[in-house]
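Novice: Sharing a structure here in structure tokens format.
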Amino acid sequence: MSGNTSAPRHEASAGHSGVEIAKIMLHTFVAYVEDKPGVLTRVASLFRRLNINIISLTVGRSERSGFSRMTIVADASDEAGHRIRASLYKLEDVAEVDDISGVSAVTRELALIKVAANAESRSGVFELAEVFRARIVDLAPESLMIEITGVESKIEGLIQVLNERENRVLEVCRSGKMTMRRGHHTSRVLRAMGVADIPDGIEPVDPD
Amino acid sequence: MTQTDFHPHSPTRLTGAEILWATLVGEGVTEVFGYPGGAILPAYDALRKFPIRHILVRHEQGAAHMADGYARASGRVGVAIATSGPGATNLVTGIATAMMDSIPIVCITGQVSSKVLGSDAFQEIDITGITLPVTKHNFLISRAEDIAPAIRAAFQIAQSGRPGPVLVDITKDAQQASAIFDFNGAKPRPYSPHPMLHCTDHKLHQAAELIRKAERPVILAGHGILQARAGEQVRTLAERMQIPVGMTLLGLGAFPASHPLNMGMMGMHGESWVNQAIQEADLLIACGMRFDDRVIGTPATYALKAKKIHIEIDPAEINKNIPVDVALVGDLREVLEQLLPLLPGRDGSAWLRSIEESKGTAAVRDIRNLPDSGHLYAAHVMHDLWRITEGRAIVATDVGQHQMWEAQYYHHDHPRTLITSGGLGTMGFALPAGIGAKFACPEREVWVIAGDGGFQMTASELATIAQEKLKINIAVINNGYLGMVRQWQEFFYERNYQSTPLVSPDFVKLADAHGIAGAAVRTRSELADVVHRARQHDGPFLINFLVEQEDSVYPMIPAGSALHEMIRRPDQNPLIETPQDS
Ligand SMILES: Cc1ncc(C[n+]2csc(CCOP(=O)(O)OP(=O)(O)O)c2C)c(N)n1
Ligand SMILES: [Mg+2]
Chain A
1 MSGNTSAPRH EASAGHSGVE IAKIMLHTFV AYVEDKPGVL TRVASLFRRL NINIISLTVG
61 RSERSGFSRM TIVADASDEA GHRIRASLYK LEDVAEVDDI SGVSAVTREL ALIKVAANAE
121 SRSGVFELAE VFRARIVDLA PESLMIEITG VESKIEGLIQ VLNERENRVL EVCRSGKMTM
181 RRGHHTSRVL RAMGVADIPD GIEPVDPD
Chain B
1001 MTQTDFHPHS PTRLTGAEIL WATLVGEGVT EVFGYPGGAI LPAYDALRKF PIRHILVRHE
1061 QGAAHMADGY ARASGRVGVA IATSGPGATN LVTGIATAMM DSIPIVCITG QVSSKVLGSD
1121 AFQEIDITGI TLPVTKHNFL ISRAEDIAPA IRAAFQIAQS GRPGPVLVDI TKDAQQASAI
1181 FDFNGAKPRP YSPHPMLHCT DHKLHQAAEL IRKAERPVIL AGHGILQARA GEQVRTLAER
1241 MQIPVGMTLL GLGAFPASHP LNMGMMGMHG ESWVNQAIQE ADLLIACGMR FDDRVIGTPA
1301 TYALKAKKIH IEIDPAEINK NIPVDVALVG DLREVLEQLL PLLPGRDGSA WLRSIEESKG
1361 TAAVRDIRNL PDSGHLYAAH VMHDLWRITE GRAIVATDVG QHQMWEAQYY HHDHPRTLIT
1421 SGGLGTMGFA LPAGIGAKFA CPEREVWVIA GDGGFQMTAS ELATIAQEKL KINIAVINNG
1481 YLGMVRQWQE FFYERNYQST PLVSPDFVKL ADAHGIAGAA VRTRSELADV VHRARQHDGP
1541 FLINFLVEQE DSVYPMIPAG SALHEMIRRP DQNPLIETPQ DS
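Chains as they are written, first to last, in this note's numbering: chain A, 1 to 208; chain B, 1001 to 1582.
In structure tokens:
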């Protein structure tokens, strides 16, 4: 994982000129995979084979029993996005794949940050945490731990400000991104609504 | 247990080993190709109770290629079996070969007992890890009750959608334990097609419109036609719309070579006019082919004037190598059946005539005209084999020059008569694949055509032929070189023949040592007699064809060049073909 700060497309602000968006961009996939040994390897191996770097990967239980939900963020061209989705579907253990780059979605990341702080320097960190709507979850004589949830830029912002203070950042643990489409829409509903306007051959089609 | 109650209709308690065979029997398996060892011994011990013929190979690579040849010749799933560790790793080249060409095979490997998994036990190897990128799917099974469901799922996965190899790794203790065997209960959940298959009415109409309006259309006929059994539909499309057809290597046989609309093979060693027609075309209709780099030259220069329709079952192939205008993603046969009613007919004579004219002297210049200098050319061998066998044999070729000459001179009119490794280009494929094909089609005449190099990679399977008493004819095209590599050295490396001259054993004596008859052929005049003798001989027969050593395959598109940038045969030789030759 890198500290890449470029925003995925679905977080780019609407008025963006788009000129600086390179051909390579961040693609975000949500995949439902069977909760079995080896599945993570199969998914990761697919990206490795294509020589595509996984920027972030989160896995956890989902609303479907027996299935885990993955959010995968990867560096990939637009065409590669189609191929990755199609290739993910070719894996036996993958039940559903959604490419949510460029759609309206909520993306969050969780971070735990441990900073050096003693009795004197704590209060400044408390204030900062308040501004960032973060929480202090552990307090020790020489350190404290901050829990923060938000979009990537917010977390990076807090880390940056902390680095600018005399409180040394001792440890950072970030969850990687979790993403969910807004509203009740599945990709099928979206297509029925005619929202997806995607070039030939790369339009998402749901399992029936 | 006797041989008759192997496949119980009601659930029965069996050992894991018995469950393995009973499930294979239930799946219709009658032959498996394999090699025993410690971790698979329980399975071998149980084999005698089941009506399955086991063919003992001489190297597990051979087992995988035999399963592959079996599948290519018959369309049924081929099965290979091996022990853990080195047995399993020896399968890998064969599995990768099947993967690259989408061939349905199931490989079964023994594994160390589940208690010691991961402990580097004797002959333990992580074969599911190793084969992950070269299988469509694989299973590690450590409980007897999981064997039947895994084997049944493996058969479904291997054959469905875009076919491919599946490996099932079974621990020794799972083979030894017992469980209730219930064949019907082990049925996999119904096959669900790839969710991104996509062939709407709108798309079909778009495609039909392009086809109706095209002035210079070309059909690109690939391996998918055989896989989808869509030969009839492609033929109807070509005939009704008067569209010329170019073939990929693996497509050969899917559309009759002798059909007037069949232009021949495309690509690196394809006919010049086929490649020219593709470059000139205003529409390409790709049927079950994947725009492999061996057929497109380079994407930047490929068929720039053409719109492209891609009919393909694997959505991951769409826009992978060549961007297309209309993608019909689905089973080729089903798609064509929906498309054909939208196509009323068309006059294509002007375009067909212009292709015919473009042939000019190319037909005789590059391929047909070989000097009758008393020397023997590989092309003579292929051409005469084709005539003598009336194009009806199943031919398994190896990889190299002879493979391309076979494709150029042996005209395949019938599906599944060419067995060759296209995607991986695996030397050593021909002999074991030919053996597999013979088991699949015992009544058919089978010829193995291999180079002197590739033949020696798996020549040990001669012993398998002898042990199994197979009537297989073997043609070794002996040019004293790793010919195709020598050709590249001649063209691109200033004739620096580094490590390509090849000293070989006397192949006829080698055959003899296996109790296999054989003869050498040095001139074209002796060729026909010896071929007749081989065919009539009651048993396997090997012919060592001592051919011209520094001949090259023409035309050739250098890797990375455009389709029209061909290297042509340097000399215009006088035409020696007699009328009955063509
Ligand atoms: C296993 C393997 N190793 C190396 C190669 C590279 N290769 C391709 S063709 C060829 C030469 C084949 O020589 P031979 O079998 O004598 O056939 P010829 O080209 O002379 O007809 C080689 C070495 C390969 N395709 N497969
Ligand atoms: Mg050779």
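C-beta: ideal position from N, C-alpha, C; glycine also.
Smallest Cα separation from residue 1331 of chain B: which of B:1424, B:1519, B:1195 and B:1459?
Specialist: Walking along the second sequence from the start, residue 1331 of chain B turns up at place 331. Cα-wise, what sits closest to residue 1331 of chain B is B:1195.
Novice: Straight-line CA distance for residue 1623 of chain B to residue 1463 of chain B?
Specialist: Chain B is shown only over 1001 to 1582; residue 1623 of chain B falls outside these bounds and no answer can be derived.
Novice: Where does residue 1009 of chain B land, buried or exposed, given buried means 16+ other C-beta within 10 angstroms?
Specialist: Here residue 1009 of chain B refers to the residue found at position 9 of the second sequence. When all chains shown are included, residue 1009 of chain B counts as exposed.
Novice: Ligand 1 and residue 1479 of chain B: does any heavy atom of the ligand fall closer than 7 Å to the residue's C-beta?
Specialist: Against the second sequence, residue 1479 of chain B aligns to sequence position 479. At least one heavy atom of ligand 1 lies closer than 7 Å to the C-beta of residue 1479 of chain B.
Novice: Check whether the Cβ atoms of residue 1223 of chain B and residue 1248 of chain B lie closer than 8 Å to each other.
Specialist: Counting from one through the second sequence, the residue named residue 1223 of chain B turns up at place 223. Counting from one through the second sequence, the residue named residue 1248 of chain B turns up at place 248. Yes, the Cβ-Cβ distance between residue 1223 of chain B and residue 1248 of chain B is below 8 Å.
Novice: Taking just the CA atoms, how far does residue 125 of chain A sit from residue 176 of chain A?
Specialist: As a first step, residue 176 of chain A must be located in the first sequence, where it is residue number 176. As a first step, residue 125 of chain A must be located in the first sequence, where it is residue number 125. Cα to Cα, residue 176 of chain A sits roughly 24 Å from residue 125 of chain A.
Novice: What residues in the stretch 1191-1213 of chain B have a beta carbon less than 9 Å from any beta carbon of chain A?
Specialist: 1192, 1193, 1194, 1195, 1196, 1197, 1198, 1203 and 1206
Novice: Between the stretch 1427-1446 of chain B and the stretch 1117-1125 of chain B, can you find at least three pairs of beta-carbon atoms closer than 8 Å?
Specialist: no
Novice: From which residue to which residue does the beta strand (DSSP E) around residue 70 of chain A run?
Specialist: Against the first sequence, residue 70 of chain A aligns to sequence position 70. It spans 67-77 - the beta strand (DSSP E) in which residue 70 of chain A sits, taken as one unbroken run.
Novice: In the structure shown, what three-state DSSP assignment does residue 1022 of chain B receive?
Specialist: Within the second sequence, residue 1022 of chain B is the residue found at index 22, counting from 1. Residue 1022 of chain B: helix per DSSP, three-state reduction.
Novice: Suppose the cutoff is 6 Å on Cβ atoms and the five residues either side in sequence are ignored; what does the same chain contact list for residue 1197 of chain B look like?
Specialist: Taking the first residue of the second sequence as 1, we reach residue 1197 of chain B at position 197. If we look at residue 1197 of chain B and ignore the five residues flanking it on each side, its Cβ neighbours are 1329 and 1330.
Novice: Assuming residue 1413 of chain B contacts residue 1258 of chain B under a Cβ cut-off of 8 Å, what Cβ separation, rounded to an integer in Å, is found between them?
Specialist: Your numbering for residue 1413 of chain B matches position 413 in the second sequence. Your numbering for residue 1258 of chain B matches position 258 in the second sequence. That pair is a contact at about 5 Å.
Novice: Could you work out which residue in B:1029, B:1355 and B:1511 is closest to residue 1475 of chain B when comparing CA atoms only?
Specialist: Taking the first residue of the second sequence as position 1, residue 1475 of chain B is located at position 475. For the residues B:1029, B:1355 and B:1511, the minimum Cα distance to residue 1475 of chain B belongs to B:1511.
Novice: Any idea which residues DSSP pairs residue 1481 of chain B with across the strands?
Specialist: Position 481 of the second sequence, counting from 1, holds the residue named residue 1481 of chain B. Answer is B:1501, bridged to residue 1481 of chain B.
Novice: Quick check on residue 1203 of chain B: does DSSP put it in helix, strand or coil?
Specialist: What you label residue 1203 of chain B is simply residue 203 of the second sequence in a count that begins at 1. Note: residue 1203 of chain B maps to helix in three-state DSSP.
Novice: Within the same chain, show all residues whose beta-carbon is closer than 6 Å to that of residue 1388 of chain B, passing over the 5 residues directly before and after it, in chain order.
Specialist: Along the second sequence, one-based indexing puts residue 1388 of chain B at 388. Excluding residues within five positions, the ones whose Cβ falls inside 6 Å are 1531.
Novice: Can you pull the chain B neighbours of residue 179 of chain A, defined as C-beta to C-beta under 7 Å?
Specialist: Start at 1 with the first residue of the first sequence, and residue 179 of chain A comes out as number 179. Within 7 Å Cβ-Cβ: nothing; residue 179 of chain A doesn't reach chain B, min ~20 Å.
Novice: Are there any heavy atoms of ligand 1 lying less than 7 Å away from the beta-carbon of residue 1399 of chain B, as far as the coordinates show?
Specialist: Along the second sequence, read from residue 1 onward, the residue named residue 1399 of chain B stands at position 399. Yes - ligand 1 has a heavy atom lying nearer than 7 Å to the Cβ of residue 1399 of chain B.
Novice: Flag residue 1376 of chain B as yes when its Cβ comes closer than 7 Å to any non-hydrogen atom of ligand 2, and as no otherwise.
Specialist: Here residue 1376 of chain B refers to the residue found at position 376 when the second sequence is read from its first residue. Not under cutoff, so the answer is no.
Novice: Interface residues of chain A around residue 1133 of chain B at Cβ under 8 Å?
Specialist: In the second sequence, the residue the question calls residue 1133 of chain B occupies position 133. Chain A residues near residue 1133 of chain B: 45 and 49.
Novice: Since residue 1078 of chain B and residue 1108 of chain B should fall inside the 8 Å C-beta cutoff, what is the C-beta to C-beta distance between them, to a whole number of angstroms?
Specialist: As a first step, residue 1078 of chain B must be located in the second sequence, where it is residue number 78. As a first step, residue 1108 of chain B must be located in the second sequence, where it is residue number 108. Going by Cβ atoms, the distance from residue 1078 of chain B to residue 1108 of chain B rounds to 12 Å, so no, they are not a contact pair.
Novice: Assuming residue 145 of chain A is part of the alpha helix (DSSP H), what are its boundary residues?
Specialist: Sequence index remark: in the first sequence, residue 145 of chain A carries index 145 (1-based). No alpha helix (DSSP H) holds residue 145 of chain A; the beta strand (DSSP E) holding it covers 143-150.
Novice: What residue from B:1098, B:1491, B:1039 and B:1070 has the CA that sits closest to residue 1084 of chain B's CA?
Specialist: Counting from 1 along the second sequence, the entry for residue 1084 of chain B is found at position 84. The candidate whose alpha carbon is nearest that of residue 1084 of chain B is B:1039.
Novice: Please list the segments of the beta strand (DSSP E) lying wholly inside the stretch 1113-1175 of chain B, counting only runs of 3 or more residues, in order along the chain.
Specialist: 1137-1141 and 1166-1171
Novice: Report the residue from B:1356, B:1325, B:1444 and B:1395 whose alpha carbon sits nearest the alpha carbon of residue 1206 of chain B.
Specialist: Working through the second sequence from its first residue, we reach residue 1206 of chain B at position 206. Checking every option, the nearest Cα to that of residue 1206 of chain B belongs to B:1325.
Novice: Report yes or no: is there a C-beta of chain A within less than 8 Å of the C-beta of residue 1316 of chain B?
Specialist: Stepping through the second sequence from its first residue, residue 1316 of chain B is reached at position 316. It does: the Cβ of residue 1316 of chain B has a partner Cβ on chain A nearer than 8 Å.
Novice: Relative to the C-alpha of residue 79 of chain A, which residue among A:174, A:48, A:101 and A:90 is closest?
Specialist: Taking the first residue of the first sequence as 1, we reach residue 79 of chain A at position 79. Looking at the Cα atoms, A:101 is the closest of the given residues.
Novice: Would you say residue 1157 of chain B reaches chain A, if we count a Cβ-Cβ gap shorter than 8 Å as a contact?
Specialist: Against the second sequence, residue 1157 of chain B aligns to sequence position 157. Interface residue, yes.
Novice: By Cβ distance below 7 Å, which residues in the same chain neighbour residue 1161 of chain B in space, the five residues on each side in sequence not counted?
Specialist: What you label residue 1161 of chain B is simply residue 161 of the second sequence in a count that begins at 1. Taken in chain order, the residues that qualify are 1193, 1194 and 1313.
Novice: Does ligand 1 have even one heavy atom less than 7 Å from the beta-carbon of residue 1485 of chain B?
Specialist: In the second sequence, counting from the first residue as 1, residue 1485 of chain B sits at position 485. Yes.
Novice: Is any heavy atom in ligand 2 found nearer than 7 Å to the beta carbon of residue 1431 of chain B?
Specialist: Position 431 of the second sequence, counted from the start, is the residue given in the question as residue 1431 of chain B. Every heavy atom of ligand 2 is 7 Å or more from the Cβ of residue 1431 of chain B, so no.
Novice: Looking at the secondary structure, which residues open and close the alpha helix (DSSP H) in which residue 47 of chain A lies?
Specialist: Position 47 of the first sequence, counting from 1, holds the residue named residue 47 of chain A. Run containing residue 47 of chain A: 39-49, per the alpha helix (DSSP H) assignment.
Novice: Within 8 Å (strictly less), CB to CB, does residue 1137 of chain B reach chain A?
Specialist: Taking the second sequence and counting its residues from 1, one reaches residue 1137 of chain B at position 137. At least one chain A Cβ lies under 8 Å of residue 1137 of chain B.
Novice: When the distance is taken between beta carbons, is residue 1455 of chain B closer than 8 Å to residue 1431 of chain B?
Specialist: Start at 1 with the first residue of the second sequence, and residue 1431 of chain B comes out as number 431. Start at 1 with the first residue of the second sequence, and residue 1455 of chain B comes out as number 455. Cβ distance < 8 Å, so residue 1431 of chain B and residue 1455 of chain B count as in contact.
Novice: In this structure, how does DSSP classify residue 35 of chain A when only helix, strand and coil are distinguished?
Specialist: Indexing the first sequence from 1 puts residue 35 of chain A at position 35. If DSSP states are grouped into helix, strand and coil, residue 35 of chain A belongs with coil.
Novice: For residue 77 of chain A, which option in A:57, A:65 and A:51 has the closest C-alpha, if you only look at C-alpha atoms?
Specialist: Mapped onto the first sequence, residue 77 of chain A falls at position 77. Among A:57, A:65 and A:51, the Cα nearest to that of residue 77 of chain A is on A:51.
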